[in-house]
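Notes for the one structure printed next.
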Amino acid sequence: MTVKYTKDHEWVAVTGTTGRIGITDYAQRQLGDIVFVDLPAAGRVLKQGDTAAVVESVKAASDVYTPVSGKVTKANDMLADAPETVNEDPEEDGWFFEVELSNPGELDALLDAGAYKAYIDSLE
Amino acid sequence: MRYLPLTGDDRAAMLAAIGAASVDDLFADVPVAARLPGPVDLPHHLGEWEVENSIGAMAAKNRHSGIMASFLGAGAYRHHVPASVDHLIQRSEFLTSYTPYQPEIAQGTLQYLFEFQTQVALLTGMEVANASMYDGSTACGEAVEMARRVTGRNRVVLSGNLHPHYAEVVKTLGALHDTAIEQPAPAPAGEGDLAPVIDQATAAVVVQYPDVFGHIRDYSALARAAQAAGALLVVVVTEVVSLGALVPPGAMGADIVVGEGQGLGVGLNYGGPYLGLFATRQKYVRQMPGRLCGETVDAEGRRGFVLTLSTREQHIRREKATSNICTNSGLCSLAFTIHLSLLGEAGLTHLAALNHARAVEAAERLAAIPGVTLATPAFFNEFTLKLDRDAAAVVEALVGKGILAGVPGARLWPGQAALADHLVVAVTETNTPAEIQGFAAALAEVLA
Amino acid sequence: MMNRQGRPTAPGTNAAAKVDTVLGHRGLDHEEALIFEQGQAGRSGVDLPPVPAVQSRLGNLARQGGIGLPGLSEPQVVRHYVRLSRRNYAIDMGLYPLGSCTMKHNPRLNEKLARLPGFADLHPLAPLSTVAGAVELMGTLAHWLKVLTGMPAVALSPKAGAHGELCGIIAIRAAHVARGEGETRTRILVPESAHGTNPATAAYCGFAVDPVPATADGRVDLAALKAKLGPDVAAIMLTNPNTCGLFERDIREIADAVHGVGGYFYCDGANFNAIVGRVRPGDLGVDAMHINLHKTFSTPHGGGGPGSGPVVLSAALAPFAPLPWVVETEGGFELAEAAAGASFGRLTAFHGQMGMYVRALAYMYSHGADGLAQASSDAVLAANYIQARLADVMTAAFEGPCMHEALFDDRFLKDTGVTTLDFAKAMIDEGYHPMTMYFPLVVHGAMLIEPTESESRESLDEFIAVMRRLAEAAQAGEVERFTGAPHYAPRRRLDETAAARKPVLRWTPPPAAKAAE
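Chains as they are written, first to last, in the numbering used here: chain C, 3 to 126; chain G, 405 to 852; chain V, 381 to 897.
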């Protein structure tokens, strides 16, 4: 499994041609208590950079951009009843949706774990 | 100047603390050409007594519904408001408080909003209601926009018997989004079935209950037709007291109910401020515009209330908000809540029954006059008469006899000759049997 | 007979701790249940005449089941709402430093006049021959608004500020369409510091929102703005003074630049209180500006509304104004309701917020041209006084004088463990409503303070003393007084997360009661 990151604080974990996408721990700390996640419907075709989801806390709302192009295969429906999972475990159980990658080459330009950590260190 | 506490000494001391020579220095960023050299060309300040006289003189020129026998409706209804209501809404803590963004010191406002939301949901038979909108017409416009968001479609079917001002608001907003709006001509004798007009591109079907002429009808079949086509049924209620006597729109299958709450607590006020009601299904709550008050607990586990689901709104979502709305109708929603609390279920149903009874008596007397036909066989407290001549002229003649006889077709639909002989008449508990008899006698005289 | 029974008449030495009370009341602060939890079926607080027997005309649409509304008597209702009222902060109680809201005194004369039956008991569709006084009042208000702003026309009907913004942007759109440029004018420029209603309104009307950055001194970056101009710009939406409380020095250059590409200048009039009677927006190149009668002209905030947002319009935009409008004639004033010329149509039923017009005109008459200019001067003076007196303990966001509101940021709280939110909640314990916080977004931890001209110097000095003490306390490490605040309000901090995750938006009867039905 490969995990890559974006400067908008999304992560994508790739197994084969499936990418699982969510927001990073840094992002959930910035947002505060998550109250609602608006997830994409299965079957939706996304281009890299499209707004795929919206994550809401009480006082803020943030667009979540897909790090990679592909067709949405499933969404983490459990978040509807337990949005707090995004705060508790953003990079595992708090995943948002999965896509079937249409252009795996896009991953090359994304940040690896080290590069992402260096990036968020530079922000703080 | 009685509202300005600072004295000359105060101003001098404050300028010294700031380090400015004069207040003009604080306006240094204003372009020189835009700095006015002296007061604008408007009168000097006045004391209370003089202001009362000036504005009182304007009020005295109006032949208002307290000194005329008034049978005016068409979207605004004259109901008696108990003295306690106005007394309570003028308490400083209600009148001069702000939006409850700091809930710890706004539980008064937040609790009554929660009560208001519950009352509106109960009256309309819907699952959830918001904390009010500006008025019924803008609530109607917002309902159509919400239906467009929910369905992703851009065509709207409006009943021909929807209040024309409400329809015009929908059209103004629709023009911004190239919304296709289908609306048959007004049908004073009763509208045909709108179901055939609904298609797969329809976002919303908007009907009024009772309609602008006063007809009441069951929209259950229309609701099913709309939902079968994937469209939302929006029901508009302009006379909120009618919900004390009628099957609620929620029970008919409405998806959104909007209304005008002015009839309870608010008064006529020559058209504003009024009170928009908005209720919908729980599943659509995140698409609902306007403020919402929710229940929660505080740090000590005590029940309390807060504004919630704010991420729908402009101050957070900005260009992606459900609407640009910032205010609700605050004090008007409080007046409504208090009036309805005083009435209670027994009082509201009694009030509604009384309204209907007075209206039935009036309709029977008026329809018996030669030259007058009743166009609305089934109604709540408002009905339409077809006269044998121009209704607006009849209305003017009756003004001379101290009667505000109703709203003539030409006022609501200017330029539509087919409606000019129609008169929309509302009767409430504020019309006595003597007034109703007087109206019938005067109308007979004018038409003789 | 003498009364020989004495009793203690001075406080004893009993320093008792807090006690529990049976109902949870704390002296004059009463816990109050919902009306639904107090009602009884069949009870009412209103007496109505008997219903005469008539043949029902409701068909089969008569309500069948109950509604579920509670029944209370008048004494119960009065007590309920009085108790609720006592849990609210209000202008009548203390300084309300909410920046951008203009929480000035709400004169009671205005309430009296709005309630005159000639206005209050007047139906909006009464024959025009019977409402001459109402139309005269609307026309008079329109005249005052036009003279104060230096603009030739005004649309009175918008029901609130945001509704006024909608009016202005729709008029601008209509003007472009009339020139055949409806398809090409797709962009509206909005400063990053703008109030959320501005981009919301622009987007709603179908425009792309293009944010304009600010300079280091808190004003619109003129060069950046000019770089963004082009033939596709429909308008700029500016607030002036801006949301940082600063007058846009380059306002004429901005207006000229936007006009130069054929765009219009929409001004958000929320901060008109800083300049009313001293500066006219018409002289600054404004094409449309909404005026919040509930801010500048003292109509009460009423816990969140009703507002009123008339829009003054330039000659270029006047033809597109929404219906209805008031026309001046030889005899006086007339209401024009029927579709006329290029009007973009109706924004609302009836004529607008008449009740607020009466209040606003009474305010205007009470102040006069002289009083209005004095009010804006005092408002600006008061805000600068606060800024100057707190400059050494708090951090002003921008250098130099402000207009009617003072903007601070949270640099003075750095490393204290106290946030802007905590600071605000501690103000509650000190007897004040917090200032506007976290707005504008362009300043970190923003604290926007607008005292208005209604505050005496004594009141300002007290407020300054409290803010000073709080700032010093934060810097001295007294964290708990902030993070635990408020301690003295009817409720402590509330769980807004739970309210948003599991929204409960209405009362429902408890299950046991349902089973009993």
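Glycine included, each C-beta is placed from N, C-alpha and C at the ideal position.
Quantities reported herein were computed from a predicted structural model and do not represent experimental measurements.
- The residue from G:516, G:819, G:439 with its alpha-carbon nearest to that of residue 743 of chain G is G:516.
- Take residue 421 of chain V, set aside five residues on each side of it, and the residues of its chain with a beta-carbon closer than 7 angstroms to its own are 451, in chain order.
- Taking the beta carbon of residue 539 of chain V as reference, the chain G residues within 7 angstroms of it are 538, 539, 542, 676, listed in sequence order.
- Annotation for residue 18 of chain C: no beta strand (DSSP E) segment contains it, and DSSP assigns it neither H nor E.
- Here residue 730 of chain V carries a coil assignment [DSSP, helix/strand/coil].
- Proximity of residue 58 of chain C to chain G, defined by a Cβ-Cβ separation below 7 angstroms, is satisfied.
- Residues of chain G with a Cβ closer than 7 angstroms to the Cβ of residue 624 of chain V do not exist, since the nearest Cβ in that chain sits about 12 angstroms away.
- For residue 647 of chain G, the number of other beta carbons within 10 angstroms of its own is at least 16, and it is reported as buried.
- Cβ contact annotation for residue 79 of chain C (same chain, cutoff 8 angstroms, sequence separation greater than five): 41, in chain order.
- When the alpha-carbon of residue 770 of chain G is set against those of G:830, G:426, G:481, the nearest one is in G:830.
- Residue 798 of chain V is not a Cβ neighbour of residue 843 of chain V, given a cutoff of 7 angstroms.
- Listed along chain G, the residues sitting closer than 7 angstroms to residue 581 of chain V by beta-carbon distance are 728.
- Minimum Cα-Cα distance from residue 690 of chain G among the listed residues G:661, G:583, G:586, G:532 corresponds to G:532.
- Counting every other CB atom within 10 Å of its CB across the protein chains shown gives residue 676 of chain V a total of 16 or more, marking it as buried.
- Under the Cβ criterion of 7 angstroms, residue 798 of chain G is not counted among the residues facing chain V.
- Residue contact check for residue 401 of chain V against chain G: no CB pair falls below 7 angstroms.
- Between residue 84 of chain C and the set V:509, V:601, V:880, the nearest pair of CA atoms involves V:880.
- Nearest Cα to residue 428 of chain V within the set G:806, G:712, G:753: G:753.
- Contact annotation for residue 35 of chain C against chain V: 877 [CB-CB distance below 7 angstroms, chain order].
- The beta carbon of residue 684 of chain G does not come within 7 angstroms of any beta carbon belonging to chain C, so the residue lies off that interface.
- Annotation: Cβ neighbours of residue 85 of chain C in chain V (cutoff 8 angstroms, chain order): 881.
- Using a Cβ-Cβ cut-off of 8 angstroms, residue 550 of chain G is close to nothing in chain V; its nearest Cβ partner there is about 13 angstroms away.
- Chain-order list of chain V residues neighbouring residue 98 of chain C: empty, with the shortest C-beta distance near 17 angstroms, by a criterion of under 8 angstroms.
- The Cβ atoms of residue 659 of chain G and residue 637 of chain G lie closer than 7 angstroms to each other.
- Distance from the Cα of residue 748 of chain G is smallest, within the candidate group V:418, V:439, V:708, V:622, for V:418.
- Here the alpha carbon of residue 640 of chain G sits roughly 43 angstroms from the alpha carbon of residue 50 of chain C.
- Annotation: residue 543 of chain G to residue 695 of chain G spans about 12 angstroms, alpha carbon to alpha carbon.
- Using a Cβ-Cβ cut-off of 7 angstroms, residue 454 of chain V counts as an interface residue toward chain G, since at least one Cβ of chain G sits closer than that to its own.
- In the displayed model, residue 837 of chain V falls within a helix according to three-state DSSP.
- A contact is defined here as three or more CB-CB pairs under 8 angstroms, and the region 669–680 of chain G fails this definition with respect to the region 23–35 of chain C.
- Here the alpha carbon of residue 488 of chain V sits roughly 18 angstroms from the alpha carbon of residue 832 of chain V.
- Secondary structure within the region 605–688 of chain G: the beta strand (DSSP E) runs of 3 or more consecutive residues, fully enclosed, are 606–612, 636–641, 660–664, 680–684 (chain order).
- Counting of Cβ neighbours within 10 angstroms places residue 754 of chain V among the buried residues, the total reaching 16 or more.
- Annotated three-state conformation of residue 405 of chain V is coil, per DSSP.
- Here the region 759–776 of chain G makes no contact with the region 715–726 of chain V; the two share fewer than three CB pairs at distances below 8 angstroms.
- In this structure, the straight-line span from the alpha carbon of residue 28 of chain C to that of residue 750 of chain V is close to 56 angstroms.
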